[in-house]
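To keep things clear, I will list the structure first and then write my remarks on it.
2 protein chains.
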Amino acid sequence: MRTQADVSELDPERVRAQVNTRLTRLFNEKAADQNNPHLSVMANAIRDFVAGGKRIRPLFAAVGWQGTGGTGDARQITRIAAGIELLHASLLVHDDVMDESATRRGKPTVHHALPPFYGAPTPGRKALRFGVNAAINTGDLAAVWADQLVSTAGLTHAQRSKVMPLWHSMREEVLTGQFLDLRHTGCPSRDLDVACAIVHLKTSLYTITRPLQIGASLNHAEPGTLDACAAYGNPLGEAFQLRDDVLGVFGDTEETGKPVGDDLTDGKHTVLAALALRHTSPADRRELQRLLADPGLDHHGVTTARRIIESCGARDMVEARIADRHRQALRALETAPLSDPAKEALAQLAESCTNRDR
Amino acid sequence: MRTQADVSELDPERVRAQVNTRLTRLFNEKAADQNNPHLSVMANAIRDFVAGGKRIRPLFAAVGWQGTGGTGDARQITRIAAGIELLHASLLVHDDVMDESATRRGKPTVHHALPPFYGAPTPGRKALRFGVNAAINTGDLAAVWADQLVSTAGLTHAQRSKVMPLWHSMREEVLTGQFLDLRHTGCPSRDLDVACAIVHLKTSLYTITRPLQIGASLNHAEPGTLDACAAYGNPLGEAFQLRDDVLGVFGDTEETGKPVGDDLTDGKHTVLAALALRHTSPADRRELQRLLADPGLDHHGVTTARRIIESCGARDMVEARIADRHRQALRALETAPLSDPAKEALAQLAESCTNRDR
Numbered sequence: 034m035r036t037q038a039d040v041s042e043l044d045p046e047r048v049r050a051q052v053n054t055r056l057t058r059l060f061n062e063k064a065a066d067q068n069n070p071h072l073s074v075m076a077n078a079i080r081d082f083v084a085g086g087k088r089i090r091p092l093f094a095a096v097g098w099q100g101t102g103g104t105g106d107a108r109q110i111t112r113i114a115a116g117i118e119l120l121h122a123s124l125l126v127h128d129d130v131m132d133e134s135a136t137r138r139g140k141p142t143v144h145h146a147l148p149p150f151y152g153a154p155t156p157g158r159k160a161l162r163f164g165v166n167a168a169i170n171t172g173d174l175a176a177v178w179a180d181q182l183v184s185t186a187g188l189t190h191a192q193r194s195k196v197m198p199l200w201h202s203m204r205e206e207v208l209t210g211q212f213l214d215l216r217h218t219g220c221p222s223r224d225l226d227v228a229c230a231i232v233h234l235k236t237s238l239y240t241i242t243r244p245l246q247i248g249a250s251l252n253h254a255e256p257g258t259l260d261a262c263a264a265y266g267n268p269l270g271e272a273f274q275l276r277d278d279v280l281g282v283f284g285d286t287e288e289t290g291k292p293v294g295d296d297l298t299d300g301k302h303t304v305l306a307a308l309a310l311r312h313t314s315p316a317d318r319r320e321l322q323r324l325l326a327d328p329g330l331d332h333h334g335v336t337t338a339r340r341i342i343e344s345c346g347a348r349d350m351v352e353a354r355i356a357d358r359h360r361q362a363l364r365a366l367e368t369a370p371l372s373d374p375a376k377e378a379l380a381q382l383a384e385s386c387t388n389r390d391r
Numbered sequence: 034m035r036t037q038a039d040v041s042e043l044d045p046e047r048v049r050a051q052v053n054t055r056l057t058r059l060f061n062e063k064a065a066d067q068n069n070p071h072l073s074v075m076a077n078a079i080r081d082f083v084a085g086g087k088r089i090r091p092l093f094a095a096v097g098w099q100g101t102g103g104t105g106d107a108r109q110i111t112r113i114a115a116g117i118e119l120l121h122a123s124l125l126v127h128d129d130v131m132d133e134s135a136t137r138r139g140k141p142t143v144h145h146a147l148p149p150f151y152g153a154p155t156p157g158r159k160a161l162r163f164g165v166n167a168a169i170n171t172g173d174l175a176a177v178w179a180d181q182l183v184s185t186a187g188l189t190h191a192q193r194s195k196v197m198p199l200w201h202s203m204r205e206e207v208l209t210g211q212f213l214d215l216r217h218t219g220c221p222s223r224d225l226d227v228a229c230a231i232v233h234l235k236t237s238l239y240t241i242t243r244p245l246q247i248g249a250s251l252n253h254a255e256p257g258t259l260d261a262c263a264a265y266g267n268p269l270g271e272a273f274q275l276r277d278d279v280l281g282v283f284g285d286t287e288e289t290g291k292p293v294g295d296d297l298t299d300g301k302h303t304v305l306a307a308l309a310l311r312h313t314s315p316a317d318r319r320e321l322q323r324l325l326a327d328p329g330l331d332h333h334g335v336t337t338a339r340r341i342i343e344s345c346g347a348r349d350m351v352e353a354r355i356a357d358r359h360r361q362a363l364r365a366l367e368t369a370p371l372s373d374p375a376k377e378a379l380a381q382l383a384e385s386c387t388n389r390d391r
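Read top to bottom, the protein sequences are chains Z and F. With my numbering as the guide, the letters of the first sequence map in order to residues 34 to 391. With my numbering as the guide, the letters of the second sequence map in order to residues 34 to 391.
Following this line, the structure appears as structure tokens:
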């Protein structure tokens with residue numbers, strides 16, 4: 034019998050609080066490790082960096098677990114959800130190094146937070162270089178701890194044989210997506226397949242489908258249930274990322290907290306960019322291509338690029354795709370072998386992922 | 034009964050060949066993965082990078098396994114030894130990014146090999162930046178695969194409970210050592226404790242003791258056996274690293290394949306540097322400190338630094354330490370609960386680690 038307590042597990046605030054508590058405990062243990070007293074600077078840097086995330090991946094993992102029975106020790110799912118979040122933090126630390134970003138969520142990125150810990154008394158160029166190198170190293174450490182959380186979650190042999198392949202796949206997929214993204218950043222093209230592959234790997238699988246499946250696998254979910262997770266997660270991930278694409282070009286910087294048109298200045302090879310390059314006039318295509326490849330794109334250039342993307346209909350096409358993928362995700366829920374509270378939570382998450390202004 | 038076949042497992046060439054075969058199989062599988070066709074560029078880059086290493090860590094893991102019985106499925110130890118080597122490769126890929134090294138073992142580093150795969154037809158500054166970012170990403174992927182090899186080695190619950198904590202510790206330790214190393218590179222000091230901590234974490238534990246213990250743990254080695262591995266591995270690791278320190282300052286570039294006095298030009302905070310700064314005259318100390326902090330150190334500077342380090346007796350002190358730690362390691366072998374062929378192999382490895390010119 035499903036009790037009220039089970040349902041309340043689906044409360045996003047509660048999942049966030051549990052994951053945060055687990056992560057804080059880990060960072061405190063590491064910072065105080067008597068066997069390795071030199072861990073503390075990195076442990077504190079990761080702790081500060083991790084604070085304030087939306088915890089969307091842990092949320093999907095928790096719903097996947099809850100929606101398939103939510104049986105067994107709840108500490109397992111909390112631990113694994115925390116591992117998923119920490120893996121994400123490790124990738125963001127590296128992402129910030131790659132993008133040379135100074136801040137994230139209004140706070141300094143790790144490579145900007147670490148230079149004061151350089152060994153020389155007078156900071157300078159060497160301390161900045163140290164910040165970058167130590168951040169690469171700190172990201173590596175966060176990935177090790179993520180793995181430690183997952184692999185010491187006390188899974189049975191049967192659980193392990195279901196969960197671990199998904200955990201490995203998820204990491205491989207996001208790194209492949211990131212590789213494709215890097216490869217085409219600064220040189221977007223009309224290649225819609227590559228743009229879609231990036232979305233599939235970095236968002237559909239990594240952000241939604243795999244966390245859901247990992248949560249469900251703790252309850253020994255059948256292949257049919259895992260397929261249902263994908264039938265919901267893959268289109269929703271696409272809608273989620275396409276919303277990001279639109280915000281990255283047309284978003285209000287006050288709402289998004291990101292620079293105006295940052296996907297344009299970064300020259301991101303998004304579905305939106307690929308569609309615009311396909312559907313605009315030859316003259317505008319050459320102009321847009323030039324603008325997207327310009328590392329020093331100014332406000333005037335952003336305005337021109339926005340005009341081209343809007344007037345050729347690419348923005349509308351993306352909005353139509355978002356609505357379509359959102360519908361697909363909801364339709365998949367109808368027949369999914371998941372509990373009603375889980376379906377309700379997933380429908381709400383689908384809404385908040387696609388209709389948002391930041 | 035110990036058979037001849039068991040002994041031949043200790044043949045370093047055979048261990049290398051088995052590990053290489055396992056790694057090649059992994060890279061080929063990944064490059065041909067139908068589910069993820071975009072893995073191939075990174076798989077090939079890692080394959081090319083991994084070729085040609087000395088496989089010293091797999092060797093210690095194999096001896097640890099063989100010396101404690103070498104029972105069970107030999108594919109387990111091969112798989113785990115390959116995982117240890119691949120973890121090392123992932124760290125070297127990041128290390129080369131940190132050091133901005135163009136070559137390793139006479140071949141291009143990963144961030145120098147990847148720029149041709151950038152998406153734009155005309156390579157340029159963006160392609161170089163892509164190389165660095167994609168190398169960070171490729172190192173991350175190699176670490177995931179390393180973990181995959183270890184965690185899918187088919188260990189029993191009892192084996193896992195012994196092996197995995199060591200695997201996690203080893204990764205945590207090497208990243209802590211690397212953090213300390215980065216923190217003090219370019220600003221070496223008289224702090225001998227920090228120099229020794231770097232050696233302990235990056236070489237004693239990571240290169241020798243943990244691989245040995247991991248190999249032994251596959252055979253459910255008792256705590257006493259693991260202690261014996263440390264009693265041998267920790268001093269030998271120190272001797273190994275101190276030999277590196279001497280070669281990094283006084284080595285013949287024809288033999289080492291590295292630039293003349295690269296530890297000096299990099300400003301490494303080694304035990305050798307710390308001892309020299311402690312034991313030289315105040316005037317020479319100021320001069321040495323200045324030279325070691327100079328990123329543009331020239332041939333004349335290298336010669337001066339060498340003279341100071343040699344004349345204050347620091348080189349002799351380090352040589353005496355190497356001899357002492359080597360003796361300690363051999364003494365630990367006398368009472369170690371390991372098989373005779375393993376002890377013989379470890380004595381030979383101790384010799385080759387400490388008396389070498391590259």
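Note that beta-carbon positions come from the ideal geometry of N, C-alpha and C, so glycine has one too.
Excluding the 5 residues preceding and the 5 following residue i in the sequence, name in chain order all residues of the same chain whose CB lies nearer than 7 Å to its CB.
| i | result |
| --- | --- |
| aspartate 278/Z | Asp296, Thr303, Val304, Leu305 and Val351 |
| glycine 164/Z | His144, His145, Leu147 and Pro148 |
| alanine 64/F | Leu72, Ser73, Ala76 and Asn77 |
| threonine 36/Z | Low confidence applies to threonine 36/Z: its pLDDT is 40, below 50, so where it sits in the model is not reliable, and the reading given next is rough at best. The answer is none, since no qualifying residue turns up. |
| glutamate 288/Z | Asp390 and Arg391 |
| proline 45/F | Leu92 |
Hey, would you say residue i sits closer than 9 Å to residue j, going by beta carbons?
| i | j | result |
| --- | --- | --- |
| phenylalanine 273/F | cysteine 345/F | no |
| glutamate 205/F | leucine 321/Z | no |
| leucine 199/Z | glutamine 246/Z | yes |
| valine 167/F | phenylalanine 150/F | Before going on, a small fix: residue 167/F reads as alanine here, not valine. Yes, these two residues count as a Cβ contact at 9 Å. |
| tyrosine 265/F | alanine 176/F | no |
| leucine 382/F | leucine 92/F | yes |
| arginine 80/Z | alanine 186/Z | no |
| threonine 57/F | threonine 258/F | no |
| isoleucine 110/Z | glycine 103/Z | yes |
| alanine 316/Z | proline 221/Z | no |
| glycine 210/Z | alanine 228/Z | no |
| alanine 378/Z | glutamine 99/Z | yes |
| alanine 347/F | alanine 309/F | yes |
| serine 184/F | serine 184/Z | yes |
| threonine 240/F | arginine 55/F | no |
| arginine 216/Z | alanine 307/Z | no |
| glycine 294/F | valine 335/F | yes |
Which residue wins for smallest C-alpha separation from residue i, given the options the options?
| i | options | result |
| --- | --- | --- |
| isoleucine 341/Z | Arg323/Z, Arg354/Z and Ala353/Z | Arg323/Z |
| arginine 193/Z | Gln181/F, Ala378/F, Lys195/F and Ser202/F | Gln181/F |
| methionine 203/Z | Thr54/Z, Ala94/Z and Met75/Z | Ala94/Z |
| arginine 88/Z | Leu188/Z, Gly116/Z, Asn61/Z and Ala65/Z | Gly116/Z |
| proline 328/Z | Ala316/Z, Gly300/Z and Glu343/Z | Gly300/Z |
| glycine 97/Z | Leu371/Z, Arg391/Z and Asn388/Z | Leu371/Z |
| phenylalanine 82/Z | Phe283/Z, Lys159/Z, Thr142/Z and Glu255/Z | Thr142/Z |
| leucine 363/F | Ala380/F, Arg348/F and Asp349/F | Ala380/F |
| leucine 124/F | Asp129/Z, Thr171/Z, Glu133/Z and Asp128/Z | Thr171/Z |
| histidine 6/F | Gly157/F, Glu271/F and Leu215/F | An answer regarding residue 6/F cannot be provided, because it is not within the stretch 34 to 391 covered by chain F. |
| leucine 238/F | Glu62/Z, Asn69/Z, Val52/Z and Glu46/Z | Asn69/Z |
| alanine 84/F | Arg243/F, Val52/F, Leu280/F and Gln67/F | Val52/F |
Who are the near neighbours of residue i in its chain, counting only those whose CB is closer than 8 Å to its CB and skipping five residues on each side?
| i | result |
| --- | --- |
| glycine 86/F | Glu118, His121, Ala122 and Arg138 |
| histidine 253/F | Ala191, Gln192 and Lys195 |
How many whole angstroms separate the CB atoms of residue i and residue j, which I take to be in contact at a CB cut-off of 8 Å?
| i | j | result |
| --- | --- | --- |
| isoleucine 169/F | arginine 276/F | Not confirmed; about 31 Å, so no contact. |
| arginine 311/F | leucine 225/F | 7 Å |
| valine 282/Z | arginine 318/Z | Rounded, the Cβ-Cβ distance is 16 Å, inconsistent with contact. |
Residue i touches chain F at which residues, Cβ-Cβ below 8 Å?
| i | result |
| --- | --- |
| aspartate 180/Z | Asp180 and His201 |
| glutamine 211/Z | Asn170 |
Note down, in chain order, each residue of its chain lying with its Cβ closer than 6 Å to the Cβ of residue i, except the 5 sequence neighbours on either side.
| i | result |
| --- | --- |
| alanine 38/F | Legend: pLDDT at alanine 38/F = 41, less than 50; position of this residue unreliable, value from coordinates given subsequently. Counting only Cβ-Cβ distances below 6 Å, and skipping sequence neighbours, we find nothing. |
Quick one: list the residues of chain Z neighbouring residue i, beta-carbon separation under 7 Å, in chain order.
| i | result |
| --- | --- |
| cysteine 220/F | Gly152 and Ala153 |
Name, please, each residue of chain F whose Cβ falls closer than 9 Å to the Cβ of residue i.
| i | result |
| --- | --- |
| phenylalanine 163/Z | Leu215, Arg216, Thr218 and Gly219 |
What residues of chain F sit near residue i, judged by a beta carbon separation below 7 Å?
| i | result |
| --- | --- |
| valine 232/Z | Ordered by position in chain F, no residue passes the 7 Å Cβ test against valine 232/Z, which lies about 13 Å from the chain. |
| leucine 184/Z | According to the sequence shown, residue 184/Z is serine rather than leucine. Near serine 184/Z (Cβ distances below 7 Å), the residues of chain F are Ser184 and Met197. |
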